[in-house]
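If you read the sequences in order, they're chains A and B.
Per my numbering, the first sequence starts with residue 333, numbered consecutively.
Per my numbering, the second sequence starts with residue 3, numbered consecutively.
Yeah, the Cβ is synthetic: ideal placement off N, Cα and C, and Gly gets one too.
This one's a predicted model, so the numbers in the text were calculated from it and none came from an experiment.
One structure is given here, and the rest of the page talks about it.
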Amino acid sequence: MDASTVLARWLLGAAFLYMGLSKALHPVDFLKLLRQYDIVQSSLLLNSMAAALPWFEVFCGLLLLLGIAVRGTALTMMVMLVPFTGVVLHRALQLKSALAIPFCAVKFDCGCGTGEEFICRKLLENFLLLLLSVWLLLGRGRQLSLRFNLFKSSPQ
Amino acid sequence: MKDNSIQSGVPTRSLAIRQIFWEAVIVAAIGAAFAFTANMISPLGLALTRNYFPSGVARSVRPVAGDGLLSAAGTNSEALSPAQFLAAQMKEKGLQVMDGSQTAQLFHNPRFQSNLIVFIDARDEEHYRQGHIPGAYEFDPYHPEKYFDTVLPVCQKAEQIVVYCNGGDCDDSESAALLLRDVGISNQKLFVYAGGITEWMTNSLPVEIGARNSGNLRNMNK
Numbered sequence: 333m334d335a336s337t338v339l340a341r342w343l344l345g346a347a348f349l350y351m352g353l354s355k356a357l358h359p360v361d362f363l364k365l366l367r368q369y370d371i372v373q374s375s376l377l378l379n380s381m382a383a384a385l386p387w388f389e390v391f392c393g394l395l396l397l398l399g400i401a402v403r404g405t406a407l408t409m410m411v412m413l414v415p416f417t418g419v420v421l422h423r424a425l426q427l428k429s430a431l432a433i434p435f436c437a438v439k440f441d442c443g444c445g446t447g448e449e450f451i452c453r454k455l456l457e458n459f460l461l462l463l464l465s466v467w468l469l470l471g472r473g474r475q476l477s478l479r480f481n482l483f484k485s486s487p488q
Numbered sequence: 003m004k005d006n007s008i009q010s011g012v013p014t015r016s017l018a019i020r021q022i023f024w025e026a027v028i029v030a031a032i033g034a035a036f037a038f039t040a041n042m043i044s045p046l047g048l049a050l051t052r053n054y055f056p057s058g059v060a061r062s063v064r065p066v067a068g069d070g071l072l073s074a075a076g077t078n079s080e081a082l083s084p085a086q087f088l089a090a091q092m093k094e095k096g097l098q099v100m101d102g103s104q105t106a107q108l109f110h111n112p113r114f115q116s117n118l119i120v121f122i123d124a125r126d127e128e129h130y131r132q133g134h135i136p137g138a139y140e141f142d143p144y145h146p147e148k149y150f151d152t153v154l155p156v157c158q159k160a161e162q163i164v165v166y167c168n169g170g171d172c173d174d175s176e177s178a179a180l181l182l183r184d185v186g187i188s189n190q191k192l193f194v195y196a197g198g199i200t201e202w203m204t205n206s207l208p209v210e211i212g213a214r215n216s217g218n219l220r221n222m223n224k
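As structure tokens, this is what we get:
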């Protein structure tokens with residue numbers, strides 16, 4: 333058994349489970365942080381995003397830990413991670429120019445569930461999560477999975 | 003042989019990609035249903051149709067170093083500190099802003115003892131219990147229904163109401179003041195202490211730990 337790939341799947345699942353739960357348990361804090369990005373102007377949309385995203389992450393984290401629909405979940409995570417990273421990067425650039433400090437000295441709570449962090453570290457974390465997602469998407473981490481493919485006839 | 007494997011490999015790969023795509027769609031659909039259901043069941047869940055920000059969903063407050071709050075408007079308000087910027091915004095909405103010395107004067111005014119001057123803490127329960135202006139009423143604007151029964155009668159009788167939160171670029175005090183105004187509290191007696199609890203503690207004024215009137219007072223930064 334390739335232990336490293338299973339560990340990678342568990343690591344990614346655990347990371348999403350932790351980040352999701354830390355937000356789901358403090359939904360108002362997450363709502364306020366999400367508001368800072370000014371990405372939506374409608375309170376219904378903002379509330380929906382703040383209400384659903386944390387639990388969606390918990391769901392994806394659980395699927396990965398259990399090994400269910402692993403590649404589809406990895407793809408879903410990538411689809412979430414890429415725009416989130418873009419929004420966080422955009423915000424960091426705004427802070428950098430507003431505060432006139434070096435890029436890596438920018439520190440803020442991006443609402444990612446990990447509290448206040450330096451931007452370079454945050455970007456590195458997201459890059460690693462993205463890399464793990466790509467790895468799983470390529471069909472790794474198949475061992476100890478409850479149902480790696482949802483479709484029985486999936487090509488290996 | 004070689005040609006056959008190439009020909010059969012292309013549709014296999016294409017099928018795999020299609021299946022991963024549909025798997026992702028199914029995960030996303032079930033995940034969304036799970037997420038909204040969990041939010042609905044959770045006692046901490048958000049009400050989707052409530053406007054949690056009566057001062058406006060769009061945020062236009064500039065950042066504080068290390069605080070991490072910024073919006074696009076943040077870059078063109080260089081002359082103002084976050085608190086000044088927020089104070090200007092509140093004035094625009096017709097709210098009266100109070101500074102630290104005015105707030106301290108009201109705190110020491112004898113009318114405070116007879117509830118004619120009332121302090122309202124617009125932070126969450128956890129922060130309130132960690133330390134609030136002595137005698138201040140708790141009123142978290144994100145869960146107003148929990149506090150209206152206690153706070154409304156007091157505010158109706160009061161002559162002056164001072165609402166505060168953390169200070170800096172915190173606008174929860176603004177939200178709380180607007181909520182109180184919306185339920186009929188006269189704008190004339192509503193004041194927002196823009197410096198908030200941070201400035202209060204910096205000025206070495208007393209804070210009360212735990213519940214209101216717990217008697218557990220501390221002077222900060224002394």
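**Request:** Can you tell me the Cβ-Cβ gap for valine 194/B and methionine 42/B, rounded? I've got them flagged as a contact below 8 Å.
**Result:** Mapped onto the second sequence, residue 194/B falls at position 192. Mapped onto the second sequence, residue 42/B falls at position 40. Between methionine 42/B and valine 194/B the Cβ distance is about 34 Å, and since that is not below 8 Å, they are no contact.
**Item:** Secondary structure of valine 66/B, DSSP reduced to three states
**Value:** Position 64 of the second sequence, counting from 1, holds the residue named residue 66/B. With a pLDDT of only 45 at valine 66/B, under 50, the local geometry of the prediction cannot be trusted, and the value read off the model is given with reservation. Three-state DSSP puts valine 66/B in coil, outside helix and strand.
**Prompt:** Would you call the segment 423 to 439 of chain A and the segment 387 to 405 of chain A in contact, with 3 or more CB pairs under 8 Å?
**Reply:** no
**Request:** Compile a chain-ordered list of the residues in the segment 388 to 413 of chain A whose CB is closer than 8 Å to at least one CB of chain B.
**Result:** Phe388, Val390, Phe391, Cys392, Leu395, Ala401, Arg403, Gly404, Thr405, Leu407, Thr408 and Val411
**Asked** Does the beta-carbon distance from aspartate 101/B to arginine 125/B come in below 8 Å?
**Response** Walking along the second sequence from the start, residue 101/B turns up at place 99. Walking along the second sequence from the start, residue 125/B turns up at place 123. The answer is no: Cβ separation not under 8 Å.
**Request:** In the DSSP assignment, find the unbroken alpha helix (DSSP H) run with valine 414/A in it and report its ends.
**Result:** Here residue 414/A corresponds to residue number 82 of the first sequence, with the count starting at 1. It spans 402 to 431 - the alpha helix (DSSP H) in which valine 414/A sits, taken as one unbroken run.
**Beta carbon of leucine 468/A nearer than 8 Å to that of leucine 397/A** = Here the question's residue 468/A lines up with position 136 in the first sequence. Here the question's residue 397/A lines up with position 65 in the first sequence. Their beta carbons are not under 8 Å apart, which means leucine 468/A does not touch leucine 397/A by this criterion.
**Request:** Name, please, each residue of chain A whose Cβ falls closer than 7 Å to the Cβ of asparagine 53/B.
**Result:** Against the second sequence, residue 53/B aligns to sequence position 51. What asparagine 53/B touches in chain A: Ser375.
**Prompt:** So which residues of chain A does isoleucine 119/B contact, with C-beta pairs closer than 8 Å?
**Reply:** Numbered from its first residue, the second sequence carries residue 119/B at position 117. Under the 8 Å cutoff, chain A gives no residues; its nearest Cβ is about 29 Å from isoleucine 119/B.
**Message:** So that I know if they touch, is there some Cβ in chain B lying closer than 8 Å to that of arginine 474/A?
**Reply:** Working through the first sequence from its first residue, we reach residue 474/A at position 142. For arginine 474/A, the answer is no, since every Cβ of chain B falls outside 8 Å of its Cβ.
**Message:** For valine 419/A, which residues in the same chain have their Cβ closer than 7 Å to its Cβ, ignoring the five residues on either side in sequence?
**Reply:** As a working note, residue 419/A is residue 87 in the first sequence. Excluding positions up to five away in sequence, the list reads Tyr369 and Ile371.
**Asked** Between which two residues does the alpha helix (DSSP H) harbouring isoleucine 266/B extend?
**Response** Because chain B in this structure spans residues 3 to 224, residue 266/B falls outside the shown range and cannot be described.
**Prompt:** Do proline 386/A and glycine 352/A come within 8 Å of each other at the CB atom, strictly closer than that value?
**Reply:** Here residue 352/A refers to the residue found at position 20 when the first sequence is read from its first residue. Here residue 386/A refers to the residue found at position 54 when the first sequence is read from its first residue. The answer is yes: Cβ separation under 8 Å.
**Message:** From the DSSP secondary-structure annotation, give me the bridge partner or partners of valine 194/B.
**Reply:** By 1-based counting over the second sequence, the position of residue 194/B is 192. The partner list for valine 194/B (beta bridge, DSSP) reads Val99/B and Val165/B.
**Asked** By the 10 Å Cβ neighbour count, where 16 or more other Cβ atoms means buried, how is arginine 20/B classified, buried or exposed?
**Response** The count along the second sequence starts at 1 and reaches residue 20/B at position 18. Burial call: exposed.
**Message:** At the level of alpha carbons, what is the spacing between leucine 381/A and glycine 443/A?
**Reply:** Taking the first sequence and counting its residues from 1, one reaches residue 381/A at position 49. Taking the first sequence and counting its residues from 1, one reaches residue 443/A at position 111. Strictly speaking, residue 381/A in this sequence is methionine, with leucine absent from that position. Going by the C-alpha atoms only, they are around 12 Å apart.
**Where valine 208/B sits in the DSSP three-state scheme** = For the purposes of this step, residue 208/B is identified with residue 206 of the second sequence, where counting begins at 1. Going by the sequence as given, residue 208/B is proline instead of valine. DSSP places proline 208/B in strand when its eight states are reduced to three.
**Prompt:** CB tyrosine 144/B to CB valine 360/A, shorter than 8 Å?
**Reply:** For this step, residue 144/B is matched to residue 142 along the second sequence. For this step, residue 360/A is matched to residue 28 along the first sequence. For tyrosine 144/B and valine 360/A, yes; Cβs fall inside 8 Å.
**Message:** Suppose the cutoff is 8 Å on Cβ atoms and the five residues either side in sequence are ignored; what does the same chain contact list for alanine 340/A look like?
**Reply:** Start at 1 with the first residue of the first sequence, and residue 340/A comes out as number 8. Within the same chain, alanine 340/A has close Cβ partners Leu464, Trp467, Leu468, Arg472 and Gly473.
**Span separating the alpha-carbon of aspartate 123/B from that of serine 429/A** = Along the second sequence, read from residue 1 onward, the residue named residue 123/B stands at position 121. Along the first sequence, read from residue 1 onward, the residue named residue 429/A stands at position 97. Straight-line Cα distance between these residues: approximately 34 Å.
**Prompt:** Which of helix, strand or coil does DSSP assign to valine 372/A?
**Reply:** Here the question's residue 372/A lines up with position 40 in the first sequence. Here valine 372/A sits in coil by DSSP.
**Asked** Taking the alpha carbon of leucine 180/B as the point to measure from, which residue in Ala18/B, Val99/B, Ala35/B and Ser16/B has its own alpha carbon closest?
**Response** Within the second sequence, residue 180/B is the residue found at index 178, counting from 1. Of the listed residues, the one whose Cα sits closest to leucine 180/B is Val99/B.
**Asked** Going straight from the alpha carbon of serine 477/A to that of alanine 401/A, what length do you get?
**Response** The sequence position of residue 477/A within the first sequence is 145, counting from 1. The sequence position of residue 401/A within the first sequence is 69, counting from 1. Cα to Cα, serine 477/A sits roughly 9 Å from alanine 401/A.
**Item:** Residue range of the unbroken alpha helix (DSSP H) whose run includes aspartate 151/B
**Value:** For the purposes of this step, residue 151/B is taken as the residue at position 149 of the second sequence. From DSSP, the alpha helix (DSSP H) with aspartate 151/B extends over 150 to 159.
**Prompt:** Between isoleucine 32/B and leucine 482/A, which are expected to be in contact by the criterion C-beta below 8 Å, what is the C-beta distance as a whole number of angstroms?
**Reply:** As a first step, residue 32/B must be located in the second sequence, where it is residue number 30. As a first step, residue 482/A must be located in the first sequence, where it is residue number 150. With a Cβ gap of about 10 Å, isoleucine 32/B and leucine 482/A do not count as contacting.
**Unbroken beta strand (DSSP E) run spanning asparagine 458/A, endpoints** = Position 126 of the first sequence, counted from the start, is the residue given in the question as residue 458/A. Here asparagine 458/A belongs to no beta strand (DSSP E); instead the alpha helix (DSSP H) covers 451 to 469.
**Item:** Chain-order list of residues whose beta-carbon lies under 7 Å from that of glycine 212/B (same chain, five-residue window excluded)
**Value:** Here residue 212/B is taken as the residue at index 210 of the second sequence, counted from 1. Hits under 7 Å: Arg131 and Asn218.
**Request:** Report back the beta-carbon spacing between phenylalanine 38/B and alanine 356/A to the nearest angstrom; my notes put them in contact at under 8 Å.
**Result:** On the second sequence, position 36 is the one that residue 38/B refers to. On the first sequence, position 24 is the one that residue 356/A refers to. Not confirmed; about 12 Å, so no contact.
**Request:** Let me know the alpha helix (DSSP H) ranges lying completely inside the segment 344 to 401 of chain A, each 4 residues or longer, listed in chain order.
**Result:** 359 to 367 and 375 to 398
**Message:** I'd like the list of long-range same chain contacts for alanine 89/B, defined as Cβ closer than 7 Å, with 5 residues on each side in sequence excluded.
**Reply:** Position 87 of the second sequence, counted from the start, is the residue given in the question as residue 89/B. Contacts found: Val99 and Ala196.
**Alpha-carbon spacing of glutamine 475/A relative to proline 434/A, whole angstroms** = Along the first sequence, one-based indexing puts residue 475/A at 143. Along the first sequence, one-based indexing puts residue 434/A at 102. Their Cα atoms are separated by approximately 44 Å.
**Request:** Would you tell me roughly how many angstroms separate the C-alpha atoms of alanine 138/B and asparagine 189/B, rounded to the nearest one?
**Result:** Here the question's residue 138/B lines up with position 136 in the second sequence. Here the question's residue 189/B lines up with position 187 in the second sequence. About 19 Å.
**Asked** By DSSP, does histidine 110/B sit in helix, in strand, or in coil?
**Response** Here residue 110/B refers to the residue found at position 108 when the second sequence is read from its first residue. In this structure, histidine 110/B counts as helix in the three-state DSSP scheme.
**Prompt:** In this structure, does DSSP put glycine 144/B in helix, strand or coil?
**Reply:** Numbered from its first residue, the second sequence carries residue 144/B at position 142. The sequence shown places tyrosine at residue 144/B, not glycine. It is coil, neither helix nor strand.
**Message:** Between valine 420/A and chain B, is any beta-carbon pair separated by less than 8 Å?
**Reply:** Here the question's residue 420/A lines up with position 88 in the first sequence. By this cut-off, valine 420/A is not an interface position.
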